[in-house]
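Below: one structure, written as structure tokens.
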Amino acid sequence: MASDLRLPTNSIVRPDKETFLNEENPFEAMMSRFDRAAQLLDLEPGLYKVLRHPEKQITVSIPVLMDNGEVEVFTGYRVLYNTSRGPAKGGIRFDMHVDMEEVKALAAWMTWKCAVVNLPFGGAKGGVICDPLKLSVGELERLTRRYTTGIINTLGPDSDVPAPDVNTNERVMAWIMDTYSMAMRHTVTAVVTGKPIELGGSLGRREATGRGVMISTREALKHLGMRIEGATVAVQGFGNVGSVAADLLTKEGCRVVAVSDKSGGIYNKAGIDVPAAIEHVKKHRSLEGFAGGGEHVSNDELLLLDVDVLVPAALENVITRHNAGKVRAKVIVEGANGPTTAPADAILDEKGVFVVPDILANAGGVTVSYFEWVQDRQAYFWTEDVVNERLTEIMVRSFNDVLQLSLQHKVNMRTAAYMLAISRVATVHRLRGIYA
Ligand code: GLU
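Numbers in our numbering are just positions in the sequence shown, counted from 1, shifted up by 10.
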């Protein structure tokens with residue numbers, strides 16, 4: 011009987027109202043969504059308490075010998091939020107804005123994300139406070155290797171498997187893989203995903219998050235009875251996620267009318283030449299100077315354009331209680347992690363905006379990371395077509411799982427995605443019990 015598997019508890023800790031204490035705190039934003047889904051699921055108090063806490067939080071000081079002969083000390087984090095369903099999985103970001111609260115939220119989001127698409131992984135995230143643009147390649151390599159050494163006790167194909175995130179790439183993953191392999195004294199490709207193809211990376215991994223965003227958009231438009239051909243799209247962020255999503259959506263027949271990056275954005279009603287924008291960024295490392303036949307828009311203005319689909323694919327907290335009321339898009343597909351704050355959710359709901367939440371919309375990346383991990387472990391590699399076919403299958407199935415739950419419980423897609431994820435994680439906790 012299910013009740014026999016319930017966790018022992020002696021006190022009930024449950025919020026009696028939704029609290030939005032600090033809109034900008036990503037961990038609180040995550041928790042307020044978690045709380046709402048947990049209440050709807052009637053999660054037992056013991057499990058509720060367990061799932062509100064990260065399993066492990068690591069902070070490391072990272073001394074790096076700089077090119078000028080001086081030593082700098084950087085701070086890095088790795089948080090393993092939950093490993094009940096399998097090895098912890100999640101990226102590492104290098105950014106000046108990294109802090110423990112953000113890493114905790116991102117690690118929790120990875121837990122729910124892996125569960126929504128039903129991968130046999132838990133969730134983790136890592137980050138180092140630094141500005142990679144100000145570091146030489148040598149400094150970046152020494153920083154990466156020393157950070158890897160600092161967190162090496164959690165790493166391993168069966169325990170914690172990093173991947174790229176903001177400002178990290180295949181080269182950084184190769185250094186992590188090499189550092190870990192040196193310590194183990196044999197080559198361990200499956201310790202990290204998002205590697206170069208020659209080192210055990212998977213075909214299709216680089217494009218996977220953007221491809222997942224395209225598939226989510228296609229499914230959302232289909233559900234809403236909107237045609238994909240000619241649908242207008244604005245994409246915020248032109249990195250690995252935004253640029254690929256813009257390119258693939260164009261190939262599906264959409265008209266991408268606006269794109270942006272740190273340098274600002276371009277709006278062209280007739281449609282942006284996305285391949286030309288990608289070429290420009292390859293050469294100049296930014297959209298700056300790309301005319302695209304359009305007018306300049308700021309990143310904030312881009313969010314409020316009159317388009318069918320808005321894809322925020324940059325950073326957290328861009329759609330807030332201050333601008334959500336002015337959003338004109340009919341559909342939002344969250345390419346980034348946490349682009350919408352919790353108070354903004356309610357405003358978008360009221361306006362009838364259909365939001366495909368981050369933990370579903372951007373799960374394509376970790377899904378192909380899973381494929382990479384499987385391929386590495388089997389030392390048997392798939393063709394790109396097989397990767398894309400299996401990715402499509404998982405994304406379409408997951409979108410529909412979440413949609414069904416949202417229709418059944420009359421909740422938005424975000425709450426439904428959290429409900430699906432939390433119930434999957436809760437089930438394994440009930441089955442495993444509390445180890446004493
Ligand atoms: N950093 C990506 C994300 O946020 C990918 C994580 C992974 O592949 O492990 O989903």
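Glycine is no exception: its CB is placed at the ideal position from the N, C-alpha and C atoms.
How about residue i: is its Cβ closer than 7 Å to a heavy atom in the ligand GLU?
i      : result
GLY86  : no
PRO174 : yes
SER379 : yes
THR330 : no
THR158 : no
LYS420 : no
ASN347 : yes
THR164 : no
VAL366 : no
VAL74  : no
VAL376 : yes
THR203 : yes
ASP35  : The residue asked about is misnamed: residue 35 is Asn in this sequence, not Asp. No, since every heavy atom of the ligand GLU falls outside the 7 Å radius drawn around the Cβ of ASN35.
GLY136 : no
LYS99  : yes
LYS123 : yes
ASN333 : no
ASN372 : yes
Taking residue i as part of the alpha helix (DSSP H), name the residues at either end of that continuous run.
i      : result
GLY160 : 147 to 160
HIS290 : 284 to 294
THR45  : Per the sequence shown, the amino acid found at residue 45 is Asp instead of Thr. 36 to 51 is the extent of the alpha helix (DSSP H) around ASP45.
LYS59  : 55 to 61
ARG181 : 180 to 194
Would you list the one or two residues that DSSP bridges to residue i?
i      : result
THR69  : TYR87
LEU320 : ALA244 and ILE342
ILE329 : THR350
VAL269 : VAL245 and ILE276
ALA173 : GLY101
PHE364 : VAL341
GLY299 : Answer is none; GLY299 lacks a bridge partner.
GLY166 : ASP170
Look at the Cβ atom of residue i, then the Cβ atom of residue j, and state whether they are nearer than 8 Å.
i      : j      : result
GLY374 : GLY222 : yes
ALA334 : LEU370 : no
GLU229 : VAL406 : yes
ILE139 : MET106 : yes
VAL321 : VAL245 : yes
GLY247 : GLY345 : yes
ASP170 : LEU90  : yes
VAL126 : SER308 : no
ILE102 : ASP175 : yes
ILE238 : GLU262 : yes
LEU213 : TYR190 : no
SER94  : ARG424 : no
LEU209 : TYR380 : no
THR437 : ILE404 : no
VAL70  : ILE161 : yes
ALA352 : ALA39  : yes
ALA268 : LEU315 : yes
ALA451 : ILE329 : The displayed coordinates of the chain run from 11 to 446. Any statement about residue 451 would go beyond what the structure contains.
THR203 : GLU394 : no
The beta strand (DSSP E) with residue i in it runs from where to where?
i      : result
HIS306 : 305 to 307
ALA436 : It is not in any beta strand (DSSP E) - ALA436 instead sits in the alpha helix (DSSP H) that spans 423 to 442.
Legend entry - Continuous beta strand (DSSP E) assignments of at least 3 residues falling wholly in the stretch 367 to 393: List check, beta strand (DSSP E) in window: nothing returned.
Legend entry - Sequence ranges, alpha helix (DSSP H) only - wholly within the stretch 201 to 259, length at least 4: 215 to 234
Inset, instruction - Would you mind listing the alpha helix (DSSP H) stretches within the stretch 75 to 150 that are 4+ residues and don't spill past its ends, in chain order? - result: 110 to 126
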